[in-house]
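No gaps in the numbering here: position 264 of the sequence shown is 267 in our numbering, and each next residue is one more. Data block below; observations after.
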Amino acid sequence: MITKTAMITIAGRPNVGKSTLTNKLTGDHVAIVSPKPQTTRSRIFGVFAQSDTQIVLLDTPGFHKAKTRLGDYMVGVVKKSIVDVDAVVLMIEPVDNIGTQEELLLEYIKAAGVPAILVINKIDTVRYDATLPIIERYSERYNFDAIIPMSAKKGEGTDRLLEVISKHAKAGPQLFPDGMSTDQPEKHIIAEIIREKLLICLDKEIPHGTAVEITKFSERGDEDNPVIDIDATIFCDKQSHKGMIIGKNGAMLKKIGKFAREDIERFMGARVFLQTWVKVKENWRDSNTMIRNFGYVE
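See the structure below:
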């Protein structure tokens, strides 16, 4: 029985592993992951239970210097997510330097007056003793509740993190029903899975200029053999990118659709018939109206 809850924000620079950690802890594909920075655009709630405690993770966009209105929105999401939570997990890479993004995040955490946990991710990429000067440097900069070396990808250090997070839980009823792993609607997760495949299959700036809208979502068949029909429109912000997304004879779009369909079927637990189209909306990332239309609103 749930008797306590903990609301925890995960913050850090782009591509540090926040979404990987969220998926690892929730045990579900609630946040998209790719090797490219700025993958997450909106705040995603990941929900799971730990003994008598329901833990709600706020996976936030990578904190960066904004260059578009979409970027401004993403930075705003991070700032708001640090306020009125039980604790903040500041996730960094094993680099012996406190960067500008980390300095700013520490200032926001300090101003919010919330407890902070430092997670040094990707320790599987360095020698263990390489974390010692990092721990010393950050300990001098801020009084963290705990400093935890971790590999979110491999799950190393997650037990220790859960132990520390649980100490910040407060008595109260559970916030989300049993079995719920995210607050995101199914159509949003499906759109994000498709965008994840764009990030993985395409190169350089193209994926960051894309957004996905689900225009059809319907079910047919029976309980034993359900089929979900999905129509998705991929928007890009440059005419020259449209052909690259489609590829020669539609090869790239077919590849993206195939990879996305496989993950969507795993997520939905049903066969999926997915159709995709590509349209151009020039400079949509600087349009407040388009940003809101694609669901990037607080």
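We put the CB at the ideal spot given by N, CA and C, even for glycine.
- Item | Exposure of Met94, with buried meaning 16 or more beta-carbon neighbours within 10 Å | It is buried - the Cβ of Met94 has at least 16 other Cβ atoms within 10 Å.
- Which value, in whole angstroms, describes the spacing of the CA atoms of Glu285 and Leu60? Approximately 34 Å between the Cα atoms of the pair.
- Message: Quick check: what's the CA-CA separation for Thr12 versus Ser84?
- Response: C-alpha separation (whole angstroms): 6 Å.
- Item | Delimiting residues of the alpha helix (DSSP H) encompassing Gln57 | Taken as a continuous stretch (DSSP letters only), Gln57 belongs to no alpha helix (DSSP H), being part of the beta strand (DSSP E) at 56 to 62.
- Task: Measure the alpha-carbon distance for Lys251 versus Asp266 and round it to whole angstroms.
- Result: Whole-angstrom Cα-Cα distance: 24 Å.
- Query: If you pair each beta-carbon of the region 107 to 119 with each one of the region 22 to 33, do three or more pairs fall below 8 Å?
  - Reply: Cβ pair count under 8 Å is below three, so no.
- Query: For Asp99, which residues of its own chain have a beta-carbon under 8 Å away from its beta-carbon, when the five flanking residues on both sides are left out?
  - Reply: Ala133, Pro136, Ile137, Arg140, listed in sequence order.
- Query: Mind checking whether Ala14 and Val91 have CB atoms under 8 Å apart?
  - Reply: Yes, Cβ-Cβ distance for Ala14 and Val91 is below 8 Å.
- Query: Taking the C-alpha atoms as reference points, what is the distance between Glu268 and Ser154?
  - Reply: C-alpha of Glu268 to C-alpha of Ser154: approximately 28 Å in a straight line.
- Which residue's Cα is closest to the Cα of Arg223: Val275, Ile193, Thr292? Residue Val275 is the option with its Cα nearest to Arg223.
- Query: Given Ala115, which residues of its chain have a CB within under 7 Å of its CB, disregarding the five upstream and five downstream residues?
  - Reply: Excluding positions up to five away in sequence, the list reads Ile85, Val86.
- Item | Endpoints, the alpha helix (DSSP H) within which Met271 is located | 254 to 271 is the extent of the alpha helix (DSSP H) around Met271.
- Message: Taking 7 Å as the limit between beta carbons, can you name the residues of its chain near Gly246, skipping five residues before and five after?
- Response: Leaving aside the five residues that flank Gly246 on each side, none in its chain has a CB nearer than 7 Å to its CB.
- Between which two residues does the alpha helix (DSSP H) carrying Ser221 extend? Segment 213 to 223 is the beta strand (DSSP E) holding Ser221; no alpha helix (DSSP H) there.
- Query: Is the region 117 to 124 touching the region 148 to 162 in the sense that three or more CB pairs, one from each, lie closer than 8 Å?
  - Reply: The region 117 to 124 and the region 148 to 162 touch, with three or more beta-carbon pairs separated by less than 8 Å.
- Provide the residue span of the alpha helix (DSSP H) that contains Lys200, from first to last. For Lys200, the enclosing alpha helix (DSSP H) stretches over residues 189 to 204.
- What are the boundary residues of the beta strand (DSSP E) that Asp234 is part of? Unbroken beta strand (DSSP E) run through Asp234: 230 to 239.
- Quick one, which of Ile248, Ile233, Ile5 has its alpha-carbon nearest Asp240's? Cα-wise, what sits closest to Asp240 is Ile248.
- Query: According to DSSP, what are the bridge partners of Arg130?
  - Reply: DSSP lists no partner for Arg130.
- Task: Tell me whether Lys200 is buried or exposed, calling it buried when 16 or more other Cβ atoms sit within 10 Å of its Cβ.
- Result: Buried, because 16 or more other Cβ atoms sit within 10 Å of the Cβ of Lys200.
- Message: According to DSSP, is Ile101 part of a helix, a strand, or is it coil?
- Response: Correct three-state label for Ile101: coil.
- Which residue spans inside the region 5 to 35 form an unbroken beta strand (DSSP E) run of at least 3? Runs of the beta strand (DSSP E) inside the region 5 to 35: 7 to 14.
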